[in-house]
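Going by our numbering, the first residue of the sequence shown is number 2, and it counts up by one from there.
Each residue gets a CB set at the ideal place from its N, CA and C atoms; glycine is no exception.
Since the structure is predicted, the reported quantities are computational estimates derived from the model, not experimental observations.
To start, the structure itself, in structure tokens.
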Amino acid sequence: MGLGPVSRHRPLTEWTLSERNAVLRETVQDIFLEEEGKKRGIIIRPNEIMDYLNNHFLQPDKSLETFARKALFLQKTEKALAPLPDISVSTERSFYKNHQNLFRVSRQAIVDHIVVAKQEEAESIRDALLKGSSFGKLAKLESLGMEASSGGRMKPYPQGTMPPPFDTVFTMKPGEISPVLSSSYGYHLFRLEKFIPKHTLPFSMEKNWIKKKLTREKRQKVLQGWLAQKLQKSPFHRAPTFKGIFSPFPVTISRSQTF
């Protein structure tokens, strides 16, 4: 139902060929799905629209109801065409065994963090920390960071995934307090709690992610097959201009993929 905000807010003449093809493909698919949904008598209830708006928009209003209705209608039609498949535990374990690289985690740092607006304030806080003041208490009182309410404790992160000042901790020792470091966000202080060694996440922790991924891929194949049959009977398939646009997208495996 459309491209991302970057494409939507650019003139059509500036769209790339791949963006235009994506819109064309999606429009044709939506037409087929709407026809199928009407045949199956798919119904969208008012409470479903409200739930959708509340879950997807910070400030939902009446002007978004038409969009929400269409999105829900297409989703329900897809579910009717491709119901949730049954994925066995043995299949999940096989995927885990054959894709170990997806579950390997680099060394991570557990860090306490304070960020303030002024360098003088950061230097004063660092002096207090070196004299024995509680990092957690000062973080709650002074830090502007999102993690201030938890005493400055951040979620573990690997090197290279955060802004440059945050990687300084990978040169520190547990318990050490960093010098004052600056960034576009302000002035930072870090205290390294410890490192989590490189490791492989256990199957029990990743089982749900694997199930969702395999479920999504099976449903995609069913929908692609259905769309291919519809296209064989449509004028779009015969038009030379559209050659290649409607071939199924390749299924890719990405650990960061959400469902």
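Would you mind giving the Cβ-Cβ distance between residue i and residue j, rounded to the nearest angstrom? I have them listed as a contact below 8 Å.
{"i": "Ala81", "j": "Asp113", "result": "Going by Cβ atoms, the distance from Ala81 to Asp113 rounds to 50 Å, so no, they are not a contact pair."}
{"i": "Thr201", "j": "Phe104", "result": "5 Å"}
{"i": "Leu228", "j": "Glu79", "result": "Not quite, the Cβ-Cβ distance comes to about 10 Å (not below 8 Å), so this is no contact."}
{"i": "Ala110", "j": "Leu193", "result": "6 Å"}
{"i": "Gly38", "j": "Lys77", "result": "7 Å"}
Is the CB-CB distance between residue i and residue j below 9 Å?
{"i": "Phe191", "j": "Phe167", "result": "yes"}
{"i": "Gly146", "j": "Val106", "result": "no"}
{"i": "Leu85", "j": "Arg220", "result": "yes"}
{"i": "Leu1", "j": "Ile178", "result": "Since the first residue of the chain shown is 2 and the last is 260, residue 1 is not available in this structure."}
{"i": "Ser184", "j": "Pro165", "result": "yes"}
{"i": "Val181", "j": "Ala123", "result": "yes"}
{"i": "Lys138", "j": "Gly152", "result": "yes"}
{"i": "Thr216", "j": "Ile88", "result": "yes"}
Going by beta carbon distance, what residues of the same chain come within less than 7 Å of residue i, once the five residues before and after it are set aside?
{"i": "Lys208", "result": "Glu93"}
{"i": "Glu148", "result": "His114, Arg154 and Met155"}
Quick check on residue i: buried or exposed, where buried means 16 or more other Cβ atoms within 10 Å of its Cβ?
{"i": "His189", "result": "buried"}
{"i": "Gln233", "result": "exposed"}
{"i": "Gln214", "result": "A quick correction: the sequence has Lys, not Gln, at residue 214. Label assigned to Lys214: buried."}
{"i": "Gly187", "result": "buried"}
{"i": "Lys40", "result": "exposed"}
{"i": "Lys174", "result": "exposed"}
Could you check the C-alpha separation between residue i and residue j for me, to the nearest Å?
{"i": "Lys98", "j": "Glu218", "result": "18 Å"}
{"i": "Gly226", "j": "Val90", "result": "26 Å"}
{"i": "Gln160", "j": "Glu66", "result": "43 Å"}
{"i": "Ser150", "j": "Phe136", "result": "12 Å"}
{"i": "Lys212", "j": "Leu25", "result": "31 Å"}
{"i": "Ile50", "j": "Ala69", "result": "6 Å"}
{"i": "Asn55", "j": "Pro47", "result": "12 Å"}
{"i": "Phe33", "j": "Ala23", "result": "16 Å"}
{"i": "Ser144", "j": "Ile126", "result": "10 Å"}
{"i": "Ile43", "j": "Pro236", "result": "26 Å"}
{"i": "Asp128", "j": "Gln120", "result": "12 Å"}
{"i": "Val16", "j": "Val29", "result": "This sequence places Trp at residue 16; Val is not what is there. In a straight line, the C-alpha of Trp16 is about 19 Å away from that of Val29."}
{"i": "Glu27", "j": "Pro12", "result": "19 Å"}
Once you ignore the five residues that flank residue i on each side, which residues in its own chain have a CB closer than 8 Å to its CB?
{"i": "Leu59", "result": "none"}
{"i": "Ile45", "result": "Arg70, Leu73, Phe74 and Lys77"}
Is residue i near the ligand GDP, judged by its Cβ being under 8 Å from some heavy atom?
{"i": "Glu20", "result": "For the structure depicted, the ligand GDP is absent and the ligand set is empty, with no information on it obtainable."}
Using a Cβ-Cβ cutoff of less than 6 Å, which residues in the same chain neighbour residue i once the five nearest sequence positions on both sides are dropped?
{"i": "Lys199", "result": "Ser107 and Arg108"}
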